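Counting from 1, position 231 in the sequence shown corresponds to residue 231 in full-length UniProt numbering; the numbering is continuous, with no gaps.
For each residue, glycine too, the CB sits at the ideal point set by N, CA and C.
All values reported here derive from a predicted model rather than from experimental measurement.
For reference, the structure is listed below as structure tokens.
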Amino acid sequence: MSNSEGLAIASNQRSLSSIDSLNLLDELQAEILKEQNAVIHTQSKAPAPQRKSIDIEEHSGLRIKRRIISSSKCKTGLQNVEFVPIQNVENRTKLYFSIHVGVKPSKDWGTIGVVDKCISLSDFCVTRITDMRGSFSNLYITGKAFSNNQDQIGMGSIIAIKRPFLLKPTETHHSIGLHVDQVQQMWVIGQSLDLAQCGSFVRKDVRCTEWTDIRSGDYCDKHLERVCNYSKNGRMELAGGGFDIRWATQKRQSDGTILYESKREKRVDPMSRLFSSMPRSSKDKEAYYLKGKGLVAVDGTLIKKTAPPKREPTAAEREELTEFLKGRRDPGAEMIRKIKGIKEDSPRTVLSKEALDKMGIGIKSLTKEEEQAKKRSFEALSKASDKDHDDQKKPRYVYL
């Protein structure tokens with residue numbers, strides 16, 4: 001074989017090998033494209049995950065985890081009353097007891113809140129309902145309203161009330177309480193989805209007892225404020241600015257925009273702040289008077305008014321009272337002598353006491369009616385004597 005024939009055979013072999021490699025690449029690309037199409041086809045057949053809808057109470061905007069009363073029944077229960085948010089309840093209830101308001105607001109109103117404090121007793125319970133935005137109202141549940149909903153009332157329960165009775169506090173700086181007694185005045189809507197206990201610890205293995213809205217974080221206002229103040233010490237932009245931790249309220253303006261306003265804390269009297277560190281007595285507790293129960297504090301304790309100890313008279317005072325009553329014959333003195341067991345030492349007479357009084361012998365004191373009759377008699381005698389004296393006078397003029 002010549003050299004030219006060997007080169008031709010080698011070039012033909014290289015051209016065949018290049019053709020085979022191109023065919024293999026085409027086959028690989030076809031297989032990859034086929035697998036990709038198969039994956040896309042299977043993914044398109046797979047059902048898309050459905051997002052679970054959240055049940056929201058339409059009046060208050062609270063999210064419900066487990067609903068007990070349907071939304072239609074709740075809407076029917078509040079259709080004849082004005083809905084008042086928890087943040088406006090205090091300002092509305094103050095108008096009922098204000099002397100500066102001529103026309104009082106209507107009693108046909110209702111509100112909805114979440115129970116964040118609940119003290120249940122045998123025949124009633126004391127709760128505190130909140131909007132989880134820093135506004136609260138004390139609610140006392142008694143009678144049939146308590147017996148019918150006893151098993152459903154607890155921490156995190158969403159309660160609707162309408163036409164509640166108002167409880168005036170014992171102290172002026174406390175807010176007005178609410179009281180429901182009938183079945184038609186309240187119902188439990190369900191359980192709140194967002195109320196949770198604060199995640200901070202006050203001591204080792206002792207968790208904070210405050211409850212908060214988990215939509216705004218896992219910590220209560222007190223611990224958030226503590227963290228903010230701690231951050232201010234190391235950052236000048238926070239220490240110099242007017243930053244603070246407060247709840248914000250929404251206010252819709254006339255043009256439809258929403259204005260956010262910070263909720264200011266209540267002003268505390270300097271004198272009450274001075275004595276706030278001192279132990280508080282039962283009189284200083286926030287309490288309300290419940291009909292048939294008495295004075296009940298917000299912690300569920302019954303405050304009984306203890307009468308002051310009765311002072312016993314001394315021997316000298318008893319003797320002086322005895323001597324004073326012995327010589328008197330009026331009905332009051334005679335009754336007291338019989339009650340006290342005091343016997344008269346005066347000797348017996350032939351005539352009775354009534355006969356002696358009629359004769360003017362004795363020291364019987366006159367009653368109020370007798371004193372007035374005596375006064376009228378003296379006035380009549382005085383007028384009669386003056387008239388007789390005028391008639392006896394000689395005339396000053398002589399008529400001819």
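- Annotation: Ala196 to Gly61 spans about 17 Å, alpha carbon to alpha carbon.
- Tyr140 has Val126, His179 as its beta-bridge partners, per DSSP.
- Burial check for Gly256: the Cβ neighbour count within 10 Å stays below 16, so the residue is exposed.
- Boundaries around Tyr288 are those of the beta strand (DSSP E), 287-290, since no alpha helix (DSSP H) includes it.
- With respect to Val183, Asn148 sits close: the two C-beta atoms are nearer than 9 Å.
- A Cβ-Cβ separation of about 18 Å leaves Glu90 out of contact with Asp108 under the 8 Å criterion.
- When the beta-carbon positions are compared, Ala160 and Met132 stay at least 9 Å from each other.
- Between Thr93 and Asp116 the beta-carbon gap is near 19 Å, outside 8 Å, which marks them as no contact.
- Here Arg337 carries a helix assignment [DSSP, helix/strand/coil].
- Ranked by Cα distance from Glu210, the options Gly134, Gly332, Glu57 are led by Gly134.
- Listed as beta-bridge partners of Thr111 by DSSP are Ile161.
- Where Ile86 is concerned, the enclosing alpha helix (DSSP H) starts and stops at 86-94.
- Between Ser137 and Thr172, the CB-CB gap reaches or exceeds 9 Å.
- Listed in chain order, the non-local C-beta contacts of Arg337 below 6 Å within the same chain comprise Leu325, local neighbours out to five positions each way being set aside.
- Bounds of any beta strand (DSSP E) do not take in Leu121, whose DSSP letter is neither H nor E.
- For the 9 Å CB-CB criterion, Gly199 and Cys208 form a contact.
- Leu121 sits close to Gly300, with the two beta carbons spaced by under 9 Å.
- A buried status is given to Lys162, since no fewer than 16 other beta-carbon atoms sit within 10 Å of its beta-carbon.
- Taking Phe201 as reference, the option from Ile189, Arg215, Asp194, His223 with the minimal CA-CA separation is His223.
- Every beta strand (DSSP E) of 3 residues or more that sits fully in the UniProt domain "Zinc finger Mcm10/DnaG-type" (190-235) is shown, in chain order, as 195-197, 201-203, 211-213.
- Straight across, the Cα-Cα distance linking Ile339 with Asp330 is about 15 Å.
- Around Ala333, the same chain offers Leu325 as residues with beta carbons nearer than 6 Å, after the five sequence neighbours per side are excluded.
- Shortest Cα-Cα distance from Ser192 to any of Glu27, Asp386, Ile56, Ala355 involves Ile56.
- By the neighbour-count criterion, in which 16 or more other beta carbons inside 10 Å mark a residue as buried, Pro164 falls on the buried side.
- Put simply, of Ile153, Pro105, Cys228, Ala297 the residue whose alpha carbon is nearest the alpha carbon of Ile68 is Ile153.
- In this chain, the beta strand (DSSP E) harbouring Lys65 covers 63-67.
- Cα atoms of Arg311 and Glu317: separation of roughly 12 Å, rounded to the nearest angstrom.
- Less than 9 Å separates the beta-carbon of Leu302 from that of Gly294.
- Boundaries of the beta strand (DSSP E) harbouring Gly294: 294-297, taken from the DSSP string.
- If you draw a straight line from the Cα of Glu370 to the Cα of Phe378, it is about 12 Å long.
- The closest CA to that of Glu319, considering only Lys304, Val298, Lys343, is found on Lys343.
- DSSP places Gly156 in no alpha helix (DSSP H); its state is neither H nor E.
- Taking the C-beta atoms as reference points, Gly113 is found no nearer than 9 Å to Ile54.
- Under the three-state reduction of DSSP output, Pro309 falls in the coil class, being neither helix nor strand.
- According to DSSP, Leu167 shares a beta bridge with Gly177.
- In the structure shown, the three-state DSSP call for Phe97 is coil.
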